[in-house]
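Worksheet: the structure to be examined is printed underneath.
Numbering (this note's numbering), first residue to last: 1349 to 1650.
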């Protein structure tokens, strides 16, 4: 129940849309697939789902090659593309029944009922798809992607058009599904990545520029450690300059300070020793991490 991509390349004319991409997404993992527009995300997803062929390299889903076994790959994958293609003149239940029939699902009614509950379509299930809001159409698309209980879910911008309440529901659903299945999804909402993903893969100009668990990524790319410390007593900047390995000191007020050090220097122990030596009481001390958005900008700028 994994996706393996090795040396994947897609060339359109003189453009390398995807350039030697290699990664693996495993069962029980939610992989956030990030990149600026035109970076190669959607092309990679289309290759994994056997929608288009690659120019070079290999892609396998649950052991099946996307070129030699595309039908087997499609049986293992649930796919929600970026532009959600739906039959707008069909009713929600009718459409899900149609998709269930394509997958030859036994007891279609039971499975449709399960998906309608999971995706929050209960009040909309007897409406025409064309009459639904964009957010509810996304839910229908997600339901069709999951209806055959696939081992792998490929979701391209799955939360596009959802309101804040719907976002919470779908994020929770993705996290729950990701406990048992392999989930790869792309998004431009960085808060969503931090809320849902176990691991983040960033692609830029067709190449992978980062592939790490989310916390490691935020530490690794930051380039510095920032410690926020609040003392009970007033402290002057000249006093703090005596702490080893610091690069910069910023005052939020006379009690609260932001202290920066190099990426390899966590100076919390030095700050604690400084406080003891100067008979100061520390009320709060915490290490700040770069946000995913900060990391994304740093790796994809230019």
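Backbone N, C-alpha and C fix where the C-beta goes; we use that ideal spot for every residue, glycine too.
Open item on the list: Taking 8 Å as the threshold (C-beta atoms), are residue 1472 and residue 1516 in contact?
Closed with: No, the pair does not count as a contact, with Cβ atoms beyond the cut-off.
- [ ] Output the distance between the C-alpha atoms of residue 1631 and residue 1368, rounded to the nearest integer angstrom.
- [x] A direct Cα-to-Cα measurement between residue 1631 and residue 1368 gives close to 50 Å.
TODO: Could you tell me whether the Cβ atoms of residue 1507 and residue 1373 are closer together than 8 Å?
DONE: By the CB criterion at 8 Å, residue 1507 and residue 1373 fall outside the cutoff.
- [ ] Have a look at 1403, 1356, 1422 and flag the residue whose alpha-carbon is nearest the alpha-carbon of residue 1494.
- [x] With distances taken between Cα atoms, residue 1494 lies closest to 1422.
Task: Proximity to residue 1387 [Cα-Cα], best of 1557, 1578, 1587, 1605 - done: For the options 1557, 1578, 1587, 1605, the alpha carbon positioned closest to that of residue 1387 is the one of 1557.
- [ ] Just the C-alpha distance for residue 1352 and residue 1497, rounded to the nearest angstrom, thanks.
- [x] Cα to Cα, the separation comes out at about 20 Å.
- [ ] In the DSSP assignment, find the alpha helix (DSSP H) that holds residue 1523 and state where it starts and stops.
- [x] 1512 to 1525 is the span of the alpha helix (DSSP H), which, as asked, contains residue 1523.
Task: Backbone CA spacing between residue 1399 and residue 1512 [nearest angstrom] - done: Taking the straight line from one Cα to the other gives about 32 Å.
TODO: Determine the contact status of residue 1435 and residue 1395, defining contact as a CB-CB distance below 8 Å.
DONE: Result no, Cβ atoms of residue 1435 and residue 1395 do not sit closer than 8 Å.
TODO: Count the other CB atoms, across all protein chains shown, that sit within 10 Å of the CB of residue 1564; report buried if there are 16 or more and exposed otherwise.
DONE: Using a 10 angstroms sphere on the CB of residue 1564, the tally of other CB atoms stays under 16, which defines it as exposed.
Task: Validate contact between the segment 1576 to 1585 and the segment 1596 to 1615 using beta carbons, cut 8 Å, 3 pairs - done: Yes, the segment 1576 to 1585 touches the segment 1596 to 1615.
Open item on the list: Spatial neighbours of residue 1489 within its chain, please: C-beta separation below 7 Å, excluding the five flanking residues on both sides.
Closed with: Within its own chain, the residues whose Cβ lies closer than 7 Å to the Cβ of residue 1489, once the five positions on either side in sequence are excluded, are 1428, 1432, 1434, listed in chain order.
Task: the segment 1374 to 1382 touching the segment 1542 to 1551, judged by at least three CB pairs closer than 8 Å - done: Because the criterion of three Cβ pairs below 8 Å is met, the segment 1374 to 1382 and the segment 1542 to 1551 touch.
Task: Reference residue 1559, options 1355, 1370, 1363, 1362, closest by Cα - done: Of the candidates 1355, 1370, 1363, 1362, the one whose C-alpha sits nearest the C-alpha of residue 1559 is 1370.
- [ ] In the DSSP assignment, find the unbroken alpha helix (DSSP H) run with residue 1653 in it and report its ends.
- [x] Nothing in the structure corresponds to residue 1653, since the chain is present only between 1349 and 1650.
TODO: Measure the Cβ-Cβ separation of residue 1470 and residue 1456 and say whether it is below 8 Å.
DONE: It is not a contact, given that the beta carbons lie outside the stated cut-off.
- [ ] Go through its chain and collect everything with a Cβ distance to residue 1464's Cβ below 8 Å, but skip five positions before and after it.
- [x] Hits under 8 Å: 1440, 1441, 1444, 1470, 1473, 1491.
Open item on the list: Which residue marks the beginning of the beta strand (DSSP E) containing residue 1425, and which one marks its end?
Closed with: First-last of the beta strand (DSSP E) with residue 1425: 1425 to 1428.
Task: Short Cβ contact (8 Å threshold) for residue 1448 with residue 1460 - done: The answer is yes: Cβ separation under 8 Å.
Task: Rounded distance between the beta-carbons of residue 1356 and residue 1426, thought under 8 Å - done: Wrong, their Cβ atoms sit about 21 Å apart, outside the cutoff.
TODO: Work out the CA separation of residue 1366 and residue 1641 for me, nearest whole Å.
DONE: Rounded to whole angstroms, residue 1641 to residue 1366 spans 23 Å at the Cα level.
Open item on the list: Going by C-alpha to C-alpha distance, which of 1413, 1397, 1628, 1403 sits closest to residue 1587?
Closed with: Out of 1413, 1397, 1628, 1403, 1628 has the C-alpha closest to the C-alpha of residue 1587.
Open item on the list: Measuring only the C-alpha atoms, how far is residue 1566 from residue 1385?
Closed with: Taking the Cα positions, residue 1566 is about 22 Å away from residue 1385.
Task: Residues that residue 1653 bridges to, as DSSP identifies them - done: In the structure as shown, the chain starts at 1349 and stops at 1650, and residue 1653 therefore has no counterpart that could be examined.
- [ ] Taking all protein chains shown into account, decide if residue 1621 is buried (16 or more other Cβ within 10 angstroms of its Cβ) or exposed.
- [x] An exposed status is given to residue 1621, since fewer than 16 other beta-carbon atoms sit within 10 Å of its beta-carbon.
Task: Three-way DSSP call (helix, strand, coil) for residue 1395 in this model - done: Residue 1395 falls in the helix class under three-state DSSP.
TODO: Give the C-beta separation of residue 1597 and residue 1615 to the nearest angstrom, bearing in mind that I take them to be a contact with Cβ-Cβ under 8 Å.
DONE: Rounded, the Cβ-Cβ distance is 11 Å, inconsistent with contact.
Open item on the list: Once the 5 residues before and after residue 1359 are set aside, which same chain residues still bring their CB inside 6 Å of it?
Closed with: The residues are 1403.
Open item on the list: I'd like to know whether the C-beta atoms of residue 1504 and residue 1534 end up nearer to each other than 8 Å.
Closed with: Contact: yes.
- [ ] List the residues that DSSP assigns as beta-bridge partners of residue 1528.
- [x] The partner list for residue 1528 (beta bridge, DSSP) is empty, contrary to what the question assumes.
- [ ] Verify whether the separation of the beta carbon atoms of residue 1647 and residue 1552 is less than 8 Å.
- [x] In terms of Cβ geometry, residue 1647 and residue 1552 form a close pair [threshold 8 Å].
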